[in-house]
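Just so you know, we're using full-length UniProt numbering here: the sequence shown kicks off at 1 and counts up by one. Here is the structure we will look at.
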Amino acid sequence: MASILLQNATLLVPRGPGDDHIVPLKNHSLLIEGNKITRIAAQIESPSDATEVIDCTAKLITPGFIDTHHHLWQTQMKGRHADHSLLEYMAPGNMVSRSYKPEDVFWGQLGGCLEALEAGTTTIVDHAHISYTPEHNTAALSGTISSGIRSIYCYTPTGRVKTWKPFEFEDTLIPDWVLEQLTELCQRGPFSDGRVTMGFGFDFYFLPKEVLVGIFGKVRELGIKTITSHYVANLLENCTSISSLGIDCHSNNSASIVTQMRIAIQVERSRRNNKIIDTGKFPGRNQVYVQDAFQLATIRGARAIHMEDQIGSLEEGKIADLLIWDTLSPSMICAVEEDPIGAIIDHSSPSDIETVIVDGQFRKRDGRLGSIKLDLGLAPELKKDKVEVEWRDVAMELLKSRERIIADEIEIGADDRQSAFEN
């Protein structure tokens, strides 16, 4: 069994059993054996000569981040939506899936996963609304599996555009093959020793009740535990707290969960402080803290997907999904000494994350993404000349894929975005 010993670091760990509050442990070590954290202590002896020992002096070790809502296939559309509203996004963003071939999905999915990994996300709930054909789904899953990230792939029936001019959807929203393929994938999974599992995404609640009952009955029968949706009845009335964070569309914004923590805490502080200001008073103290935001991105995200016993915190017995930060970088220097969580949320960038470990495996090291072994077992028709690629190879494929997608948009009239928006 492979083992890694991380020595002399500052670790961010729970204050006690069952306590979400995080505290720093200075000058501590952490042992990974296989894919598990097996020991955390001030001093740990190397268990064998084969153990890889890494000096983590002046390093900060944290849990990996958990992203509970993301559409990973959309990489080729990055930069397209800088000034778009949600409605303006729908045609050139969501519905551009009509122009994606399975190979485009593979590279888009792989690129989205790698962008997330590079920024410290180790687990993603993927609302995969790219189900144009069975091959689109196997291509997306293959990209996820190849990336090395932990993911719940939420297989999502998708509204498929039939024509752009006039704008029409296909008559059948959920073809027979959708539940047939979902069944097959659930029977074949989980994938990569459990790193990639199946979930379900659904947004078609306008369908007849008997159809919905049949669909969700099948989902339960398949043992699916995670279901995602953009629409939840009475959410605002019944929601007592926000339990997690998600990127949503990295085509529109950064894939860094730190960025989302930063935005979330400032927006919520502003909302609460404005209520006080409206009474003619001045806020004395903030009511939302960096500790709250950090928990949303770690243990509370894990709890939202019922994996809090496996991931979300640095504890013995949990899976080794973790990040190693450089505390001597220009942005992190001094801040970590004062408040490690504040340093991450208020000062850090993805470049401060030196190492990303998922399932006990290095996915980013010395500040660079590692080599990617392509796993095309689910999509052999996508066979490549190389079985192992670097990020630059992926980047070149994404640029070529983007050109193919744009050419298809022009051919079918999807480039007329104003017309699509009006329709």
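Just so you know, even glycine gets a beta-carbon here, dropped at the ideal spot from N, CA and C. No experiment lies behind these values; they were computed from the predicted model shown.
Between which residues of its own chain and residue i is the CB-CB distance below 6 angstroms, once the five residues before and five after are set aside?
| i | result |
| --- | --- |
| Ile-333 | none |
| Ile-66 | Thr-123, Gly-301 and Ala-302 |
| Leu-31 | Leu-5, Thr-38, Arg-39 and Ile-44 |
| Asp-20 | Gln-295 and Ile-299 |
| Lys-59 | Ala-9 and Ile-324 |
| Gly-143 | Phe-106, Gln-109 and Leu-110 |
| Arg-15 | His-21 and Val-23 |
| Ser-313 | Pro-14, Pro-63 and Ile-299 |
| Thr-327 | Ala-58, Leu-60 and Val-336 |
Which residue marks the beginning of the beta strand (DSSP E) containing residue i, and which one marks its end?
| i | result |
| --- | --- |
| Ala-41 | 36–41 |
| His-162 | Per the sequence presented here, residue 162 reads as Lys, with His not at that position. From DSSP, the beta strand (DSSP E) with Lys-162 extends over 161–163. |
| Lys-101 | Where Lys-101 is concerned, there is no enclosing beta strand (DSSP E), given that its DSSP letter is neither H nor E. |
| Asn-94 | Per DSSP, Asn-94 belongs to no beta strand (DSSP E) and is neither H nor E. |
| Thr-355 | 353–358 |
| Glu-45 | Element bounds for Glu-45: n/a, residue is neither H nor E. |
Looking only at its own chain, which residues have a Cβ that is under 7 angstroms from the Cβ of residue i, when we skip the five neighbours before and after it?
| i | result |
| --- | --- |
| Trp-164 | Ile-412, Gly-413, Ala-414 and Ala-420 |
| Ser-349 | Ser-331 |
| Thr-226 | Val-125, Ile-152, Cys-154, Gly-199 and Ile-305 |
| Arg-402 | Gln-76 |
| Gly-367 | Ser-351 and Glu-354 |
| Asn-273 | Pro-283 |
| Ala-297 | Phe-65, Ile-66, Leu-245, Ile-257 and Met-261 |
| Ala-293 | Met-261, Ala-264, Ile-265 and Ile-345 |
| Lys-26 | Thr-10 |
Where does residue i sit, in a helix, a strand or coil, going by DSSP?
| i | result |
| --- | --- |
| Asp-126 | strand |
| Met-396 | helix |
| Gln-361 | strand |
| Glu-170 | coil |
| Ile-66 | strand |
| Phe-106 | helix |
| Leu-245 | coil |
| Leu-322 | strand |
What residue range is occupied by the uninterrupted alpha helix (DSSP H) comprising residue i?
| i | result |
| --- | --- |
| Gln-74 | Note, Gln-74: premise wrong, no alpha helix (DSSP H); not H, not E. |
| Phe-178 | In the sequence as displayed, the identity of residue 178 is Val instead of Phe. From DSSP, the alpha helix (DSSP H) with Val-178 extends over 176–188. |
| Glu-338 | 335–338 |
| Val-258 | 257–277 |
| Ile-292 | Per the sequence presented here, residue 292 reads as Asp, with Ile not at that position. Element bounds for Asp-292: 290–296. |
| Arg-285 | Run containing Arg-285: none; DSSP gives neither H nor E here. |
| His-136 | 134–147 |
| Val-387 | It is not in any alpha helix (DSSP H) - Val-387 carries neither H nor E in the DSSP assignment. |
| Lys-218 | 209–221 |
| Ala-302 | 299–304 |
Using DSSP's beta-bridge definition, name the partner residues of residue i.
| i | result |
| --- | --- |
| Pro-24 | Leu-12 |
| Ile-405 | Ile-405 pairs with nothing; no bridge assigned. |
| Met-198 | Tyr-153 |
| Pro-330 | In the DSSP output, where bridge partners are listed per residue, Pro-330 has none listed. |
| Asp-55 | Gln-7 |
| Ser-29 | Ala-41 |
| Leu-369 | Lys-364 |
| Ile-61 | Leu-11 and Ile-324 |
| Ile-227 | Phe-200 |
| Thr-121 | Phe-65 |
| Phe-206 | Phe-206 is not bridged to any residue. |
Counting only beta-carbon separations shorter than 8 angstroms, does residue i have a partner in chain C?
| i | result |
| --- | --- |
| Pro-175 | In the structure shown, chain C cannot be found, because there is only a single protein chain. |
Starting from the C-beta of residue i, find all residues in its chain whose C-beta is less than 8 angstroms away, skip the five residues before and the five after it, and write them out in chain order.
| i | result |
| --- | --- |
| Glu-268 | Val-288 |
| Gly-189 | Val-196, Thr-197 and Met-198 |
**Prompt:** Can you find at least 3 beta carbon pairs, one from the stretch 144–162 and one from the stretch 361–381, that sit closer than 8 angstroms?
**Reply:** Three or more beta-carbon pairs drawn from the stretch 144–162 and the stretch 361–381 are found closer than 8 angstroms, and the two stretches are therefore classed as touching.
**Message:** Counting beta carbon pairs with one atom in the stretch 281–293 and one in the stretch 46–59, are three or more of them shorter than 8 angstroms?
**Reply:** At 8 angstroms Cβ cutoff, the stretches do not touch.
**Message:** Taking 8 angstroms as the cut-off, does the stretch 367–387 touch the stretch 73–83 (at least 3 CB pairs, one atom from each stretch)?
**Reply:** Short answer: they don't touch.
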